[in-house]
């Protein structure tokens, strides 16, 4: 019998991906201090991949503890720029600085998903995408941030590929859903195999 699904996230785009895929779920936002966890893990020399996975598991465990009978999905995304992790920009100036650092270079997005049930992780996956940013001009970069700042605040790296941010890139290697923050195909494969989604 299919279990009820809870998305441990307040991300509108992740919720939209599940809805668009016809997956019934309830969204509950976990109260987690992501920055403190990142700082602690970086001090322990954790890899960006491990940090994304740990953050996803922390969110799933937090909500899973209150809803042990449900299938809880925790997600997180980390931007790896030559071993340095970039977070969501706090100001337009910070977004501009991040984009200036990334332009003309390659970076990776790591999107982790962990599925919890009865206080245990059942399945986990970390998807990786390589993105190559164009060598964009200062003037376009500044205009881009000013025009799009309200939506950029929720995005690591200071861009949204599903919007005008697609113009910043010359090449992408990997899965589009992973860029949006959830390795959807792999997760659907798991939920289908576990009997929680019909196929």
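In full-length UniProt numbering, the protein residues as written are 1 to 199.
Note that CB positions come from ideal geometry on N, CA and C, so glycine has one too.
* Asked: Given that a residue counts as buried once 16 or more other Cβ atoms are within 10 Å of its Cβ, and exposed if not, what is residue 261?
  -> In the structure as shown, the chain starts at 1 and stops at 199, and residue 261 therefore has no counterpart that could be examined.
* Asked: Taking buried to mean at least 16 other C-beta atoms within 10 Å of its own C-beta, is residue 69 buried or exposed?
  -> exposed
* Asked: When the Cα of residue 164 is compared with those of 171, 147 and 20, which residue comes out closest?
  -> 147
* In whole angstroms, what is the alpha-carbon distance linking residue 24 and residue 4? -> 8 Å
* To do: Mind the definition here: the region 40-57 touches the region 112-124 only if three or more C-beta pairs lie below 8 Å; say whether that holds.
  => yes
* **Segments of 3+ residues assigned as beta strand (DSSP E) that fall wholly inside the region 84-109** => 84-86
* When DSSP labels each residue in this structure, what does residue 172 get in the three-state scheme? -> strand
* **residue 212 burial status per 10 Å Cβ neighbour count (16 or more: buried)** => Absent from the structure is residue 212, since the part of the chain shown begins at 1 and ends at 199.
* Asked: Considering residue 145, what are the terminal residues of the alpha helix (DSSP H) in which it resides?
  -> 138-152
* To do: Say whether chain C places a C-beta atom closer than 8 Å to the C-beta of residue 85.
  => Judged by its chain identifiers, the structure shown contains no chain C, having just a single protein chain.
* Buried or exposed: residue 14, going by 16 or more other Cβ atoms within 10 Å of its Cβ? -> buried
* Asked: Whose C-alpha, out of 131, 150 and 158, is nearest the C-alpha of residue 174?
  -> 131
* **As assigned by DSSP and simplified to three states, the class of residue 162** => coil
* Taking the alpha helix (DSSP H) that residue 69 falls in, what are its first and last residues? -> Run containing residue 69: none; DSSP gives neither H nor E here.
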